[in-house]
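Each residue of the first sequence is one higher than the one before, starting from 1 at the first, in full-length UniProt numbering.
Built from N, CA and C at the ideal position, the CB exists for glycine as well.
This one's a predicted model, so the numbers in the text were calculated from it and none came from an experiment.
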Amino acid sequence: MSRANDRVEALLREYAELIAISGQDAFKARAYEKAARAIGGHPVDIAQLDAKGLMDIPHVGRSIADKVLEYLRTGRIPEVEASREAVPAGVRELTRIPGLGPRKALVLHRDLGISSVAELEEALRGEKLRDLKGFGERTEESIRHGILLLRQAGDRILLDAATELAEEIVAELSRIPGCVRCTYAGSLRRMRETIGDLDVLVAADTSEPFMAALTALPATAEVIAHGAKKTSVRTASGVQVDLRVLPPASWGAGLQYFTGSKAHNIRTRELAARHGLKLSEYGLFDAETGENLASETEEDVYARLGLPWIPPALREDRGEIAAALRGELPELVTERDIRGDLHTHTDLTDGLASLEDMAAAAAARGYAYYAVTDHAPDLAMQRMTKEKALAQRDRLRALDRTLRGMRLLHGTELNIGPDGGLDWPDDFLAGFDLCIASVHSHFGQTREAMTSRIIRACENPYVAVLGHPTTRRLGIRPGVDADFDAVFAACARTGTALEVNSHPERLDLCDEDILRAKRHGVKFAVNTDAHATVHLPYLRYGVGTAQRGWLTKEDVVNAWPWGRLHRFLREKRRR
DNA sequence: GCCGTTTTCGGCCCGACTGTTTTCAGTCG
Numbered sequence: 001m002s003r004a005n006d007r008v009e010a011l012l013r014e015y016a017e018l019i020a021i022s023g024q025d026a027f028k029a030r031a032y033e034k035a036a037r038a039i040g041g042h043p044v045d046i047a048q049l050d051a052k053g054l055m056d057i058p059h060v061g062r063s064i065a066d067k068v069l070e071y072l073r074t075g076r077i078p079e080v081e082a083s084r085e086a087v088p089a090g091v092r093e094l095t096r097i098p099g100l101g102p103r104k105a106l107v108l109h110r111d112l113g114i115s116s117v118a119e120l121e122e123a124l125r126g127e128k129l130r131d132l133k134g135f136g137e138r139t140e141e142s143i144r145h146g147i148l149l150l151r152q153a154g155d156r157i158l159l160d161a162a163t164e165l166a167e168e169i170v171a172e173l174s175r176i177p178g179c180v181r182c183t184y185a186g187s188l189r190r191m192r193e194t195i196g197d198l199d200v201l202v203a204a205d206t207s208e209p210f211m212a213a214l215t216a217l218p219a220t221a222e223v224i225a226h227g228a229k230k231t232s233v234r235t236a237s238g239v240q241v242d243l244r245v246l247p248p249a250s251w252g253a254g255l256q257y258f259t260g261s262k263a264h265n266i267r268t269r270e271l272a273a274r275h276g277l278k279l280s281e282y283g284l285f286d287a288e289t290g291e292n293l294a295s296e297t298e299e300d301v302y303a304r305l306g307l308p309w310i311p312p313a314l315r316e317d318r319g320e321i322a323a324a325l326r327g328e329l330p331e332l333v334t335e336r337d338i339r340g341d342l343h344t345h346t347d348l349t350d351g352l353a354s355l356e357d358m359a360a361a362a363a364a365r366g367y368a369y370y371a372v373t374d375h376a377p378d379l380a381m382q383r384m385t386k387e388k389a390l391a392q393r394d395r396l397r398a399l400d401r402t403l404r405g406m407r408l409l410h411g412t413e414l415n416i417g418p419d420g421g422l423d424w425p426d427d428f429l430a431g432f433d434l435c436i437a438s439v440h441s442h443f444g445q446t447r448e449a450m451t452s453r454i455i456r457a458c459e460n461p462y463v464a465v466l467g468h469p470t471t472r473r474l475g476i477r478p479g480v481d482a483d484f485d486a487v488f489a490a491c492a493r494t495g496t497a498l499e500v501n502s503h504p505e506r507l508d509l510c511d512e513d514i515l516r517a518k519r520h521g522v523k524f525a526v527n528t529d530a531h532a533t534v535h536l537p538y539l540r541y542g543v544g545t546a547q548r549g550w551l552t553k554e555d556v557v558n559a560w561p562w563g564r565l566h567r568f569l570r571e572k573r574r575r
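1. Taking all protein chains shown into account, decide if G40 is buried (16 or more other Cβ within 10 angstroms of its Cβ) or exposed.
2. Hey, Y541 and L159 are a contact pair by Cβ (cut 8 Å); roughly how many whole angstroms apart?
3. Taking 6 Å as the limit between beta carbons, can you name the residues of its chain near R37, skipping five residues before and five after?
4. For D337, which of helix, strand or coil comes out of DSSP?
5. Count the other C-beta atoms from every protein chain shown that fall within 10 angstroms of the C-beta of H145, then say buried if there are 16 or more, exposed otherwise.
6. In whole angstroms, what is the alpha-carbon distance linking A156 and D400?
7. What's the gap between the Cα of S354 and the Cα of L255?
8. Is the Cβ-Cβ distance between K67 and I57 less than 8 Å?
9. Give every residue of the same chain whose Cβ lies closer than 6 Å to the Cβ of G351, excluding the five residues on either side of it in the sequence, and list them in chain order.
10. Could you give the first and the last residue of the continuous beta strand (DSSP E) run that contains K229?
11. Which whole runs of the alpha helix (DSSP H) in the region 443-490 are 4 residues long or more, in chain order?
12. Quick one: using the 10 Å Cβ neighbour count with 16 as the cut-off for buried, is K262 buried or exposed?
13. Grouping DSSP H, G and I as helix and E and B as strand, with all else coil, what is H264?
14. Relative to the C-alpha of Y184, which candidate in T470, R244 and G327 has its C-alpha closest?
15. Please confirm whether Q24 and P311 have their CB atoms less than 8 Å apart.
16. My guess is that L536 and D341 are in contact by the Cβ rule of under 8 Å, so how many angstroms apart are they, rounded?
17. With which residues is S438 paired in a DSSP beta bridge?
18. My guess is that I147 and V107 are in contact by the Cβ rule of under 8 Å, so how many angstroms apart are they, rounded?
19. Any chance you could list the beta strand (DSSP E) runs of at least 3 consecutive residues sitting entirely within the region 53-109, in chain order?
20. Could you tell me which whole alpha helix (DSSP H) segments of length 4 or greater appear in the region 129-166?
21. Find out if the Cβ-Cβ distance for the pair V372, M358 is shorter than 8 Å.
22. Exposed or buried, which one is P469 when buried takes at least 16 other CB atoms within 10 Å?
23. Three-state secondary structure (DSSP) at K523?
24. Restricting to runs no shorter than 4 residues, where is the alpha helix (DSSP H) found entirely within the region 362-413?
25. Smallest Cα separation from E9: which of A26, L214 and Y32?
26. Going by the CB atoms, is the gap between V522 and F488 shorter than 8 Å?
27. Nearest to R130 by alpha carbon, out of E140, E121 and R407?
28. Can you find the residues in the same chain that come closer than 7 Å, C-beta to C-beta, to T206, ignoring five residues on each side of it along the sequence?
Here it is in structure tokens:
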């Protein structure tokens with residue numbers, strides 16, 4: 001199962017929402033939110049902690065510690081369950097709609113009896129909302145738009161949740177006697193940014209124990225189909241998991257087939273057909289004789305088609321087969337290639353861990369360098385000042401002298417204002433080792449204004465990286481409207497790296513934007529934007545996204561040795 | 001509900017934006 005910290009975080013967040021929707025003290029709701037975030041980001045497994053240990057976590061007091069202990073003992077928190085009784089699940093779902101918060105959801109439920117998105121749509125059609133106090137025609141319109149956004153997110157889940165679930169299932173099935181091989185395939189193996197359902201493969205001579213195990217998993221809520229070759233279940237969180245059990249001799253062909261994508265498989269089968277071969281999940285066969293020519297490993301299958309093994313992240317029919325035939329597949333950047341993280345936060349602003357703890361966690365990952373980039377004053381809620389930044393720099397330099405093998409960099413994440421202005425004047429920016437600049441507000445500007453705003457920030461000689469360039473958040477809001485070809489060209493011209501933000505909710509730039517940007521000759525920085533030590537491993541999702549954008553370590557500045565990265569940073573300041 | 005202390009209750013990251021209101025409430029980051 002996932003970390004107890006994550007499960008408790010989800011429960012406390014739900015409780016906070018329920019408190020807010022039922023119209024109780026807003027500060028109480030905030031207290032639960034803060035505790036949820038702190039527990040989710042806490043580096044120690046809370047299952048190991050007693051009451052005192054729990055209360056040492058910031059924002060966790062007696063009351064919440066008791067609820068956590070109750071959860072660890074019984075798997076339940078009675079208060080949360082009681083609140084669920086009082087608020088229909090559909091009402092909570094209403095707050096998923098961007099622009100619709102707990103107060104409006106409460107009014108909708110109390111005055112119109114609305115308790116699902118479907119009922120809300122019905123009321124919208126009848127123009128019933130505009131008569132409610134605090135609502136109007138514009139509100140109706142914004143809710144309609146919000147529902148549209150929610151629908152676009154669909155039923156897909158984020159990469160981190162999918163990865164955790166898949167790894168749990170694979171670990172479980174791998175323990176069963178007779179398991180020759182087990183892994184996940186499908187869009188998760190290709191590291192798509194969101195996942196519709198999970199495909200798990202097992203190589204074994206008998207399938208029944210694996211099928212039975214899947215249906216018996218604690219996460220399984222419903223069995224959709226249960227057969228000898230394939231079993232499908234749905235988890236409590238609504239994710240469909242398909243399990244296929246193959247004879248060990250078909251492993252490679254099966255893995256190739258179930259990894260997809262569909263478009264890639266069509267290409268490979270066409271290629272097979274041109275050679276008088278037939279490719280299926282059981283193997284690559286001679287079309288005439290039916291002789292099995294390759295099936296045990298993916299390498300065998302691709303080789304018999306005259307191709308090198310193609311990394312899953314490239315299997316999207318974006319020219320990878322033609323490139324493979326020419327022997328020009330890119331040597332993709334890997335997680336091991338990344339020498340440092342250039343975008344991270346501490347508890348000086350909105351991070352959860354101290355400078356010392358973040359640096360220690362980074363050093364434990366074997367990084368050669370690591371930048372701390374807390375927010376700057378224009379994000380007013382963070383209350384940053386020059387004095388605080390300078391004090392942090394002193395602490396960081398002192399800490400740096402005690403570290404062996406990892407260089408600490410003092411950076412900042414600047415806010416790109418509506419006109420492209422930044423938080424601090426150039427002479428102060430010059431004191432940082434590196435500056436990231438990102439858009440955090442005013443998302444609704446015109447395309448022209450947004451484009452020139454971002455470009456102006458990139459033209460600042462001290463801005464080394466454009467952070468989460470489109471500012472999208474998956475399932476929450478789309479990216480801003482800007483002429484990104486113009487932005488990418490400006491980045492190439494000014495020597496500004498584009499971030500590939502690894503947070504599973506962002507993955508920004510996305511694969512297709514990376515491909516576009518690369519054609520402009522831009523460099524990239526794959527960063528985590530970590531706000532807690534447990535976020536540093538998000539890097540794998542950013543690297544997966546970079547791979548889907550065909551990036552090599554040549555393209556990624558934080559895959560370079562420090563000397564080269566340092567020259568890159570210096571070069572920009574000299575332009 | 002948590003926190004800090006001015007040790008026992010008052011404040012809780014702050015500001016912008018939007019829409020509905022006519023001085024404010026809700027939402028967002």
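By the coordinates alone:
1. Working through the first sequence from its first residue, we reach residue 40 at position 40. The residue in question, G40, is buried, as its Cβ has 16 or more Cβ neighbours within 10 Å.
2. Residue numbering aside, residue 541 sits at position 541 when the first sequence is read from its first letter. Residue numbering aside, residue 159 sits at position 159 when the first sequence is read from its first letter. 5 Å between Cβ atoms; contact.
3. Translated into the one-based positions of the first sequence, residue 37 becomes position 37. No residues qualify anywhere along the chain.
4. Numbered from its first residue, the first sequence carries residue 337 at position 337. It is helical.
5. Counting from 1 along the first sequence, the entry for residue 145 is found at position 145. Flag for H145 reads exposed.
6. Sequence index remark: in the first sequence, residue 156 carries index 156 (1-based). Sequence index remark: in the first sequence, residue 400 carries index 400 (1-based). The sequence as given places Arg at residue 156; Ala does not occur at that position. Computed Cα separation, rounded: 42 Å.
7. Working through the first sequence from its first residue, we reach residue 354 at position 354. Working through the first sequence from its first residue, we reach residue 255 at position 255. Approximately 43 Å, taken between the alpha carbons.
8. One-based indexing of the first sequence puts residue 67 at position 67. One-based indexing of the first sequence puts residue 57 at position 57. Contact check for K67 against I57 fails: the beta carbons are separated by 8 Å or more.
9. Numbered from 1 along the first sequence, position 351 holds the residue referred to as residue 351. Contacts found: H345 and H531.
10. In the first sequence, the residue the question calls residue 229 occupies position 229. Element bounds for K229: n/a, residue is neither H nor E.
11. As for any alpha helix (DSSP H) of minimum length 4 sitting wholly inside the region 443-490, the runs are 447-459, ordered along the chain.
12. Start at 1 with the first residue of the first sequence, and residue 262 comes out as number 262. Taking a 10 Å sphere around the C-beta of K262, we find fewer than 16 other C-beta atoms and assign the residue as exposed.
13. Taking the first sequence and counting its residues from 1, one reaches residue 264 at position 264. Shown here, H264 sits in a helix according to DSSP, grouped into three states.
14. One-based indexing of the first sequence puts residue 184 at position 184. Closest by alpha carbon: R244.
15. Start at 1 with the first residue of the first sequence, and residue 24 comes out as number 24. Start at 1 with the first residue of the first sequence, and residue 311 comes out as number 311. Their beta carbons are not under 8 Å apart, which means Q24 does not touch P311 by this criterion.
16. As a first step, residue 536 must be located in the first sequence, where it is residue number 536. As a first step, residue 341 must be located in the first sequence, where it is residue number 341. So it is a contact: roughly 7 Å between Cβ atoms.
17. The sequence position of residue 438 within the first sequence is 438, counting from 1. In DSSP, S438 forms a bridge with N415.
18. Position 147 of the first sequence, counting from 1, holds the residue named residue 147. Position 107 of the first sequence, counting from 1, holds the residue named residue 107. With 8 Å as the limit, I147 and V107 do not qualify as a contact, their Cβ atoms being about 17 Å apart.
19. Within the region 53-109, no complete beta strand (DSSP E) run reaches 3 residues.
20. Complete alpha helix (DSSP H) runs here, min 4: 137-153.
21. Residue numbering aside, residue 372 sits at position 372 when the first sequence is read from its first letter. Residue numbering aside, residue 358 sits at position 358 when the first sequence is read from its first letter. Their beta carbons are under 8 Å apart, which means V372 touches M358 by this criterion.
22. For the purposes of this step, residue 469 is taken as residue 469 along the first sequence, with counting starting at 1. Result: buried.
23. The residue labelled residue 523 in the question sits at position 523 within the first sequence. Secondary structure of K523 (DSSP, three-state): coil.
24. Correct list: 386-402.
25. For the purposes of this step, residue 9 is taken as the residue at position 9 of the first sequence. For the options A26, L214 and Y32, the alpha carbon positioned closest to that of E9 is the one of Y32.
26. For the purposes of this step, residue 488 is taken as the residue at position 488 of the first sequence. For the purposes of this step, residue 522 is taken as the residue at position 522 of the first sequence. Against a cut-off of 8 Å, the Cβ pair of V522 and F488 comes out as a contact.
27. If you number the first sequence from 1, residue 130 lands on position 130. Cα-wise, what sits closest to R130 is E140.
28. The residue you call residue 206 lines up with position 206 of the first sequence. Closer than 7 Å at Cβ, skipping near neighbours: G178.
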